[in-house]
Amino acid sequence: MHQRGLTRHIWATQKKGINSNDTDFLCHSVRGEAARWGFIESILGDVGEGPIILFQSPNQGCSLPHILITAGFHGEEPAGSWGILEFLEQGSPDLFDKVSISLIPWVNLAGLSKGHRFNFAGENPNRGYFWEADTAPSKEGAVLLHHSERLKDAAKDGVLCCHEDSFSNSAYAYTFEEGNEPGTFSKSLRDELGRFFNISTASSIDNCSCTEGIIYNHFDTSFESWMVSSGSRVGACTETPALAPFHVRVNANHYVMGAFIAAILEHSAAELS
Ligand code: NI
């Protein structure tokens, strides 16, 4: 979540001849896989670089847990978006028997296509989600805010936002739960990151207190803070280390999504028993 300038952050993907900033390939591939799963596609808006799309399983509004996974807020952090593609490629819509899934695989297409953090107007698409805050929403943020009621329903049991830290070689996560200490949800995501990377030992990251790789219940004007404040039972913003190989970060994001869903399902099973 570091603030940096216009350095381009672009990596080769495992797809032949395709780089991480090939948003046409990414969007086309995700749409194809989402159609195979039976996701319903809704265009939330377009700020000039292509549509911001919400993909939703057909079982919205059912009694199953409802979760939202997002990525691609910051253009130099592409592994989350590619991780959603890998999650779709390797997974199966059998998951819809257990959970109601919503995906926003990219938010900041301008930034992703250039490998730049911010959007074309230099705005941070992960700030300004509280109207009373000093920071106004970005153009992309305004699109998401316009659909706030729908997103709150989609994320009521949990929200996962996949980010990367451009200058780190270790992983960490911002997590949100009830209670004064990180619980099983926070720890399961941190431990999943730990299967792929060293976990950060820093006690402070971007002026936030961090313990064993978890920055706990830190509320700012980010999308994840807004979703949790709006009723999501749990939330997380995971940070994979951009100094690690790209394909490992993509794979880690894919598996973190699995761990996120597993943690939500374990909670709901415990509540029913
Ligand atoms: Ni970020």
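By our numbering, the letter at position 48 of the sequence shown is numbered 1147, and the numbering carries on one by one without gaps. Every residue, glycine too, gets a C-beta built ideally from N, C-alpha and C.
- Runs of the beta strand (DSSP E) spanning 3 or more residues and lying entirely within the segment 1235-1316 occur at 1257-1264, 1271-1275, 1313-1315, in chain order.
- Sorting P1177, G1214, I1200, D1121 by C-alpha distance to the C-alpha of V1349 places P1177 at the top.
- Sequence-distant Cβ neighbours of A1362 in its own chain, meaning closer than 6 Å and more than five residues away, are F1284, S1287.
- For a cut-off of 8 Å, the C-beta gap from E1222 to S1237 is around 4 Å, short enough to register as a contact.
- If you check the CB distance, Q1155 and I1139 come in under 8 Å.
- By the neighbour-count criterion, in which a residue is buried when 16 or more other Cβ atoms sit within 10 angstroms of its Cβ, H1262 is buried.
- Residue burial is scored here from C-beta neighbours: P1157 has fewer than 16 other C-beta atoms within 10 angstroms and is therefore classed as exposed.
- In the three-state reduction of the DSSP assignment, D1193 falls in the helix class.
- When secondary structure is reduced to three states using DSSP, A1220 falls in the coil class, being assigned neither helix nor strand.
- The Cβ-Cβ distance between G1174 and A1209 falls below 8 Å.
- Under the three-state reduction of DSSP, T1122 is assigned to helix.
- Membership of L1211 in the alpha helix (DSSP H) is indicated by the continuous run 1208-1213.
- In this structure, DSSP gives I1109 a state outside helix and strand, which the three-state scheme calls coil.
- Sixteen is the threshold: since fewer than 16 other Cβ atoms of the shown chains lie within 10 Å of the Cβ of T1300, the residue is exposed.
- Not one heavy atom of ligand 1 is found less than 7 Å from the C-beta of F1186.
- The residues H1108, E1175, E1176, A1178, E1263, D1264, S1265, F1266, S1267, R1348, in chain order, have a CB closer than 8 Å to that of A1341 in the same chain once the five nearest residues on each side in sequence are set aside.
- With fewer than 16 other CB atoms across the displayed protein chains lying within 10 angstroms of its CB, D1196 is exposed.
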